[in-house]
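Okay, so the sequence shown: first residue is 400 according to the working numbering, each after it adds one.
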Amino acid sequence: MPTERREPRPISASRSQKRPDTWRVLRWALAVQLGFAAALLGTDLAQVLPRLAWPSNAPGLTDPIGPGDQTRRFTPDRLPARAPSPGSRPLPTTDDMPSRLSFATPQWQGKTVLTLTGRIAEGDATRFTEYLATQDTPPTLVYLNSPGGSVRDALDIGRTIRERKMNTVMSASDICLSACPYVLAAGVARYADQDAMVGVHQHYFGQNTVLPAFVAVEQIQRGQGDVMRYLQDMGVDPLLMQHALVTPADEIYLLTSEEREFYRLTTSLDPIE
Numbered sequence: 400m401p402t403e404r405r406e407p408r409p410i411s412a413s414r415s416q417k418r419p420d421t422w423r424v425l426r427w428a429l430a431v432q433l434g435f436a437a438a439l440l441g442t443d444l445a446q447v448l449p450r451l452a453w454p455s456n457a458p459g460l461t462d463p464i465g466p467g468d469q470t471r472r473f474t475p476d477r478l479p480a481r482a483p484s485p486g487s488r489p490l491p492t493t494d495d496m497p498s499r500l501s502f503a504t505p506q507w508q509g510k511t512v513l514t515l516t517g518r519i520a521e522g523d524a525t526r527f528t529e530y531l532a533t534q535d536t537p538p539t540l541v542y543l544n545s546p547g548g549s550v551r552d553a554l555d556i557g558r559t560i561r562e563r564k565m566n567t568v569m570s571a572s573d574i575c576l577s578a579c580p581y582v583l584a585a586g587v588a589r590y591a592d593q594d595a596m597v598g599v600h601q602h603y604f605g606q607n608t609v610l611p612a613f614v615a616v617e618q619i620q621r622g623q624g625d626v627m628r629y630l631q632d633m634g635v636d637p638l639l640m641q642h643a644l645v646t647p648a649d650e651i652y653l654l655t656s657e658e659r660e661f662y663r664l665t666t667s668l669d670p671i672e
């Protein structure tokens, strides 16, 4: 018996009109996402642009400081020269600061010392470890002269210094700003001349400031937690961070010699031999 062939039932106009247009939905979803991103971007720019339009009016970096008057303008690629006193340091002056850390092992006062000079760039922690591997007997005394840079690399360099039981030193005309104090903190013994510049401020932890707010906040909080745990591990009072957290990135809070000792950023009042 032959089977009856059934014709497909036509879709009614009302049903076809109810079926959503896939491309239209995707375009709508994309528009919503772009609008959300634009709103977040606008919020971030509203916070960043005022600092660009009206930069810091704090005194210049080399202006003398005093208790309560310690915030100075900071531009890492425009540092004023600080000529050293004769025979006071095995380092070059700061008027030609390398764009990334430069390592050297000069003879100084009858012994070999290690000098770290320049900005701390991404990847410098690996370069530092590789440099130490080329030394038959790496020096135990590390002279610092740096305007800072990559926080992550500074922490990793610091951990290497502590693992090798090195000491950190700064002479009168040396600078150690931004992320550099975390390297200074790594020394088993730590000395900075009272005229050396040691300063802290807010960090971006390697991220662009124009990130969505919820992402940026999470990364910054995680980074600050890492720094505070690191300072504790090094025997430095994490309360040091209170000055960093309230000082904008285009300014620097210069620590007095009394504050360095109070926060245990330095451990010795006399030069380390």
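Glycine included, each C-beta is placed from N, C-alpha and C at the ideal position.
Ranked by Cα distance from residue 503, the options 637, 471, 467 and 540 are led by 540. Residue range 550-562 is occupied by the alpha helix (DSSP H) that includes residue 551. Beta-bridge analysis with DSSP links residue 591 to 569. Secondary structure of residue 656 (DSSP, three-state): helix. Residue 526: member of the alpha helix (DSSP H) spanning 523-532, first to last residue.
As DSSP reads the structure, residue 575 sits in a beta bridge with 545 and 597. For residue 643, the uninterrupted alpha helix (DSSP H) run begins and ends at 640-644, by DSSP. For residue 514, the enclosing beta strand (DSSP E) has its first and last residue at 513-516. Residue 540 is bridged by DSSP to 566. Counting of Cβ neighbours within 10 angstroms places residue 592 among the buried residues, the total reaching 16 or more.
In the three-state reduction of the DSSP assignment, residue 468 falls in the strand class, which pools E and B. Residue range 501-503 is occupied by the beta strand (DSSP E) that includes residue 501.
In this model, residue 582 and residue 495 are separated by some 21 Å (Cα to Cα).
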